[in-house]
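>
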């Protein structure tokens, strides 16, 4: 292997071609991070072997493939001897057959004690990292990869995995098991560092060692993985992944992420919500009384999209503000104002209005729009929206 | 729905088509969905008179993004429209002047067409409050504060009841008089 670094550690600044590579590398690693479909098991296992050998370790005896990050997390906890502390909430997120498969596939003997250290960007990068002409593009690359992959998959998956983990109360119940290490915490995939590493390799200024090459290969071919001393747990990638236009996890009628073992997440514009809110018809009274304020807001938005704001405001029991007023310029329709402080934890009112034009299917579209809480009159609210006074708004000739 | 932008070909007589489609032409305040046409006298924005002539292809006043539709400004005759370059949260879209004998139309696939009579106008877009987004930290603090407030309310209530009970007892005893000898 040719060492491209000059001996004294000086690296010339990135050329125009090298800078042009940045976006290609970014797109490639965002695509790896949000990839769907089966993992390339042979490549990933070869990568794991390189990672261990490159770090001067014996390759792991057990290579365990599981179907989802949740299964992987449970598997890592079982490998650590903490099976008794895997919560029932965690087991319940998996279909029964998949849960049985996890138990069957993960050996419980010789408990592991720690995860091995992975080091994608070693310390001999010093000269490159200190040079702002290199560190600038590198950190931008890392930021951009993280900005796409984290809200798009990693963050919601991580919070879903860690939410159902054992708490200290569970550990108190079984102190002897609670003293064992928790290895199944959601492990970030280090895509930011891997993309930087791939970029340096692509530019030809730095050649990754065997450890780094292994890391890149696992990152390209599998999902989350848990490397332990004598075993490694690798997981599959999602089979389905849906986003909204802003790249947040979102699906209006089904799971936003589905893994091959049946573990699913439901999300509304990036907020994880319980399955029944997305897939079943939840009564409005139940949706507005959800404890979690974010989930409550999402549930109401979903229901307003399905049943219309009019039904939501009448069935939710929110107080009406002011009195209904006929919509000037929109004969036969009314404007009304509702207090939605309970929904948003904020001093806001909701202005409910009806479209002047009939839709193709003969119905009228209703809009609910938020206005500041100091407005106590629907006409004044509508006037505030376009910066007029209510007297001026009364002069409206036509609304279409 | 019949739309001017569907039937219009370049150079077609817009006024003729509009008459056929029976589109009312209005000089007062009017709204098309979230775009409002406001007579300049009402708005008092201090925007100057517009200078740019509206081309035959029309001007997209609000471009349709993410599932929305475009509000298209069409003109027959001397119609001028200047886009107002404001801050991102500015509700003013631009200023519009419809010359004598000319007509402008706002065209939208969902709301239908609307005609604008000669005069000087300001075009504005509806605004909406966004609910505050809480970081987990502030959310926790607020929940804690609410919990404390609830506890305090319960304690106050208990104190008030205690007070009332003592008061009642005192009154009861106050009605018992010892005979002084």
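Protein chains in written order, with this note's numbering: chain H, 16 to 415; chain R, 14 to 194.
Ideal placement from N, C-alpha and C gives every residue a C-beta, glycine not left out.
In this text, all values refer to a predicted model and were calculated from it rather than measured experimentally.
State yes or no: is the C-beta of residue 289 of chain H within less than 7 Å of the C-beta of residue 274 of chain H?
Contact: no.
> Distance, Cα to Cα, residue 11 of chain R vs residue 130 of chain R?
No statement about residue 11 of chain R is possible, as the shown extent of chain R runs from 14 to 194 and does not include it.
> Cα-Cα, which of H:384, H:309, H:357 is closest to residue 148 of chain R?
Of the listed residues, the one whose Cα sits closest to residue 148 of chain R is H:309.
> For residue 361 of chain H and residue 145 of chain R, which I take to be in contact (beta-carbon distance under 8 Å), what is that distance rounded to the nearest angstrom?
Contact holds; Cβ gap of about 5 Å.
> Tell whether a beta-carbon distance below 7 Å holds between residue 160 of chain H and residue 91 of chain H.
Against a cut-off of 7 Å, the Cβ pair of residue 91 of chain H and residue 160 of chain H comes out as no contact.
> Among H:95, H:201, H:234, which residue has its Cα nearest to the Cα of residue 45 of chain H?
Of the listed residues, the one whose Cα sits closest to residue 45 of chain H is H:234.
> Contact between the stretch 97-116 of chain R and the stretch 131-138 of chain R is defined here as three or more beta-carbon pairs at a separation below 8 Å; is this criterion met?
The stretch 97-116 of chain R, when compared against the stretch 131-138 of chain R, does touch it at the 8 Å Cβ threshold.
> Between residue 52 of chain H and residue 237 of chain H, what straight-line distance do the alpha-carbon atoms span, to the nearest angstrom?
Cα to Cα, the separation comes out at about 10 Å.
> Look up residue 186 of chain H in the DSSP assignment and say whether it is helix, strand or coil.
It is helical.
> Extract the residue ranges of the beta strand (DSSP E) inside the stretch 332-411 of chain H, only unbroken runs of 3 or more that lie entirely within it.
List check, beta strand (DSSP E) in window: 335-341, 349-354, 363-373, 379-387.
> Quick one: any contact between the stretch 293-307 of chain H and the stretch 342-349 of chain H, if contact means 3 or more CB pairs under 8 Å?
Judged by Cβ distances under 8 Å, the stretch 293-307 of chain H makes no contact with the stretch 342-349 of chain H, as fewer than three pairs qualify.
> With DSSP as the reference, label residue 93 of chain H as helix, strand or coil.
It is helical.
> Spatial neighbours of residue 99 of chain H within its chain, please: CB distance less than 7 Å, with the 5 preceding and 5 following residues excluded, ordered by chain position.
Within the same chain, residue 99 of chain H has close Cβ partners 189, 192.
> Output, in sequence order along the chain, the residues in the stretch 347-363 of chain H whose CB is closer than 9 Å to any CB in chain R.
From the stretch 347-363 of chain H, only 355, 358, 359, 360, 361, 363 have a Cβ closer than 9 Å to chain R.
> Quick check on DSSP: helix, strand or coil for residue 181 of chain R?
Residue 181 of chain R: helix per DSSP, three-state reduction.
> Should the stretch 57-69 of chain H be regarded as contacting the stretch 223-232 of chain H, the criterion being three or more beta carbon pairs within less than 8 Å?
Yes: at least three Cβ pairs fall under 8 Å.
> With respect to the alpha helix (DSSP H) encompassing residue 152 of chain H, which residues constitute its N-terminal and C-terminal limits?
Residue 152 of chain H -> alpha helix (DSSP H) spans 147-164.
> Quick one: does residue 20 of chain H have its CB under 7 Å from some CB of chain R?
For residue 20 of chain H, the pLDDT reaches just 49, beneath the cut-off of 50, and the residue's location in the model is therefore unreliable, although a value from the coordinates is still provided. Cβ-Cβ to chain R under 7 Å: no for residue 20 of chain H.
> Any C-beta of chain R within less than 8 Å: which residues of the stretch 290-319 of chain H qualify?
Residues 308, 312.
> Can you name the residues that DSSP bridges to residue 129 of chain R?
R:39, R:117.
> DSSP three-state label for residue 276 of chain H, please.
In the structure shown, residue 276 of chain H sits in coil (DSSP, three-state: anything other than H, G, I, E or B).
> Can you check which of these residues, H:177, H:206, H:135, is closest to residue 157 of chain H by C-alpha distance?
For residue 157 of chain H, the nearest C-alpha among the options comes from H:206.
> Suppose contacts are defined by Cβ-Cβ distances below 7 Å. Is residue 414 of chain H in contact with residue 39 of chain R by that definition?
No, the pair does not count as a contact, with Cβ atoms beyond the cut-off.
> At which residues does the beta strand (DSSP E) containing residue 121 of chain H begin and terminate?
Where residue 121 of chain H is concerned, there is no enclosing beta strand (DSSP E), given that its DSSP letter is neither H nor E.
> In chain R, what lies closer than 9 Å to residue 339 of chain H by C-beta?
Under the 9 Å cutoff, chain R gives no residues; its nearest Cβ is about 19 Å from residue 339 of chain H.
> Give me the Cβ distance between residue 79 of chain H and residue 105 of chain H, rounded to the nearest whole Å; I'm assuming they're in contact under 8 Å.
The Cβ separation is near 17 Å, so there is no contact.
> Report yes or no: is there a C-beta of chain R within less than 7 Å of the C-beta of residue 16 of chain H?
For residue 16 of chain H, the predicted model reports a pLDDT of 43, less than 50, meaning its position is unreliable; a value from the coordinates is still stated below. With 7 Å as the cut-off, residue 16 of chain H does not count as an interface residue toward chain R.
> For residue 169 of chain H, I'd like the list of residues in its chain whose CB is within less than 6 Å of its CB, leaving aside the five on either flank, ordered along the chain.
Around residue 169 of chain H: no qualifying Cβ.
> Leaving out five residues before and five after residue 53 of chain R in sequence, what residues of the same chain have Cβ atoms less than 8 Å from its Cβ?
60, 108, 132, 133, 134, 135.
> Using the Cβ count rule (16 or more neighbours within 10 Å means buried), how would you classify residue 386 of chain H?
Buried, since its Cβ has 16 or more Cβ neighbours within 10 Å.
> Where residue 66 of chain R and residue 93 of chain R are concerned, what is the direct C-alpha to C-alpha distance, given to the nearest angstrom?
Looking at the two C-alpha atoms, the distance is approximately 4 Å.
> To the nearest angstrom, how far is it from the Cα of residue 165 of chain H to the Cα of residue 97 of chain R?
Distance between the alpha carbons of residue 165 of chain H and residue 97 of chain R: 37 Å.
> Starting from residue 94 of chain R, follow its DSSP beta bridges and name the residues at the other end.
Bridge partners of residue 94 of chain R: R:109.
> Under 8 Å Cβ-Cβ, which residues of chain R neighbour residue 378 of chain H?
Neighbours of residue 378 of chain H on chain R: none; closest Cβ ~12 Å, over 8 Å.
> Could you tell me if residue 38 of chain H is buried or exposed, where buried requires 16 or more neighbouring beta carbons within 10 angstroms of its beta carbon?
Classification for residue 38 of chain H: exposed.
> So, under 8 Å CB-CB, residue 48 of chain R and residue 119 of chain R are touching, yes? Tell me the CB distance rounded to an integer number of Å.
About 7 Å separates the two Cβ atoms, so the contact holds.
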